[in-house]
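Notes follow the structure.
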Amino acid sequence: MQLSFLRALRVFLIPASAALFLGWVWFLISSGGLPDPVAIHWGLSGQADGFLARDSYLLVVAPAILIPLVLQVLFYLIQKNVPLIQTFVAVVLSIVYWMLLLIMFFATISQVGLLNAGQSTFPVLLFAVLLIIIPVSLWFSVAFPSIEIGTELVVRLRGIKVLSVPMQDVLGVETASISSWNFGGLGIRVSGKTLAFIPSKGAGVVFSLKTGEKIAVRSKQASEVLALALAKLGG
């Protein structure tokens with residue numbers, strides 16, 4: 011359930027990239043490689059319209075980069091025995107981290123060597139991509155899931171595999187009424203030890219894992235999925 015590549019990202023690449031980036035920013039500040047004041051906000055046109063003293067720039071950049079890392083560490087320490095949910099949270103926080111790093115990198119590099127931060131421009135194309143990512147992510151997360159039962163339990167959203175668990179790790183399965191009220195909203199949700207896929211209220215299937223975690227999936231064929239899963243478990 012935990013991918014070695016994702017673990018490598020969390021354990022090495024992400025902390026290393028954060029250290030390199032923050033070290034680079036500190037060097038630019040200490041060597042005068044950035045203008046004073048530094049631009050920290052750009053309008054829709056990409057033109058800088060918000061500024062901050064250069065010596066305070068690291069106080070803005072560092073929290074944005076480090077918060078996702080701190081949250082991962084805290085979640086790992088608090089929820090050590092939920093590998094499936096740990097992986098899910100790690101993926102989400104990793105995506106947030108890389109997006110923030112990308113934003114901070116371009117915000118910084120666009121000002122290197124300038125005497126006046128007002129001359130800096132934020133890449134409009136990157137800004138447009140970032141504006142598109144949010145609605146696309148919501149569109150993806152509220153898609154109606156499909157469930158495949160074989161040697162693995164597979165959940166797909168819009169044809170893309172988002173979850174794969176060996177059936178040998180499934181302890182039990184049952185049907186249940188799934189509602190956004192139980193999980194704080196629609197989409198991909200985490201509540202306690204349950205990872206849920208909820209595009210709408212209705213019947214679903216709940217898989218109990220040997221780790222004590224659960225996977226709740228909304229399904230239009232809940233009874234058929236239940237029968238197939240029980241047959242696999244019984245076999």
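Residue numbering for the sequence shown follows our numbering, beginning at 11 and increasing consecutively. For each residue, glycine too, the CB sits at the ideal point set by N, CA and C. Remember, predicted model here, so these are calculated numbers, not experimental data.
Cutoff 7 Å; reference Phe-193; Cβ partners in own chain excluding five residues on either side: Numbered from its first residue, the sequence shown carries residue 193 at position 183. Excluding sequence neighbours, Phe-193 sits near Arg-199, Ser-201, Ala-206 and Ile-208.
Between the Cα of Gln-96 and those of Val-70, Thr-221, Ser-156 and Pro-73, spot the shortest distance and give me the residue it belongs to. The residue you call residue 96 lines up with position 86 of the sequence shown. The residue with the shortest Cα to Cα distance from Gln-96 is Thr-221.
Assuming Ala-153 is part of the alpha helix (DSSP H), what are its boundary residues? In the sequence shown, residue 153 corresponds to position 143, counting from 1. Run containing Ala-153: none; DSSP gives neither H nor E here.
Under 8 Å between the Cβ atoms of Gly-160 and Ala-58? To locate residue 160, count along the sequence shown from 1; it is residue 150. To locate residue 58, count along the sequence shown from 1; it is residue 48. Their beta carbons are not under 8 Å apart, which means Gly-160 does not touch Ala-58 by this criterion.
Taking the Cβ atom as the reference point for each residue, do Leu-163 and Met-177 lie within a distance shorter than 8 Å? Translated into the one-based positions of the sequence shown, residue 163 becomes position 153. Translated into the one-based positions of the sequence shown, residue 177 becomes position 167. In this structure, Met-177 lies closer than 8 Å to Leu-163 by Cβ.
Is it a yes or a no for the segment 60-75 touching the segment 138-151, going by three-plus beta-carbon pairs under 8 Å? no
Would you tell me roughly how many angstroms separate the C-alpha atoms of Leu-81 and Ala-100, rounded to the nearest one? Here the question's residue 81 lines up with position 71 in the sequence shown. Here the question's residue 100 lines up with position 90 in the sequence shown. Rounded to the nearest angstrom, the two C-alpha atoms are 9 Å apart.
How long is the line joining the alpha carbons of Arg-166 and Gly-43, rounded to whole angstroms? Along the sequence shown, one-based indexing puts residue 166 at 156. Along the sequence shown, one-based indexing puts residue 43 at 33. Looking at the two C-alpha atoms, the distance is approximately 47 Å.
By Cβ distance, which residues of its chain are closer than 6 Å to Trp-52, with the 5 residues on each side in sequence left out? Position 42 of the sequence shown, counted from the first residue, corresponds to residue 52. Once the five neighbours on either side are set aside, the close Cβ partners of Trp-52 are Ala-58 and Phe-132.
Through-space distance from Leu-103 to Ala-138, alpha-carbon basis: For this step, residue 138 is matched to residue 128 along the sequence shown. For this step, residue 103 is matched to residue 93 along the sequence shown. Roughly 21 Å between the two C-alpha positions.
Locate the alpha helix (DSSP H) running through Gly-251, then write down its first and last residues. Any question about residue 251 goes unanswered here, given that the chain covers just 11 to 245.
Inter-residue Cα distance where the pair is Leu-23 and Pro-78: Here residue 23 refers to the residue found at position 13 of the sequence shown. Here residue 78 refers to the residue found at position 68 of the sequence shown. Approximately 14 Å between the Cα atoms of the pair.
According to the neighbour-count rule (16 or more other Cβ atoms, all chains shown, within 10 Å of its Cβ), is Arg-228 buried or exposed? Position 218 of the sequence shown holds residue 228. Per the 10 Å Cβ criterion, buried.
Are Ala-28 and Leu-62 close, meaning C-beta to C-beta below 8 Å? Here residue 28 refers to the residue found at position 18 of the sequence shown. Here residue 62 refers to the residue found at position 52 of the sequence shown. Cβ distance not < 8 Å, so Ala-28 and Leu-62 don't count as in contact.
Reducing DSSP to helix, strand and coil, say where Phe-116 ends up. Residue numbering aside, residue 116 sits at position 106 when the sequence shown is read from its first letter. The answer is helix: DSSP assigns Phe-116 an H, G or I state.
In the DSSP assignment, what residue or residues form a beta bridge with Gly-42? Numbered from its first residue, the sequence shown carries residue 42 at position 32. BP columns for Gly-42 are empty, so no partner.
Please report the residue range of the alpha helix (DSSP H) in which Val-235 lies. Along the sequence shown, read from residue 1 onward, the residue named residue 235 stands at position 225. It spans 232-244 - the alpha helix (DSSP H) in which Val-235 sits, taken as one unbroken run.
Looking only at C-alpha atoms, which of Phe-31, Ser-233 and Ser-120 sits nearest to Val-48? Counting from 1 along the sequence shown, the entry for residue 48 is found at position 38. Closest option to Val-48, Cα to Cα, is Ser-120.
Would you give the residue range spanned by the alpha helix (DSSP H) that Leu-23 belongs to? Reading the sequence shown from its first residue, position 13 is the one you call residue 23. Unbroken run through Leu-23: none, as it is neither H nor E.
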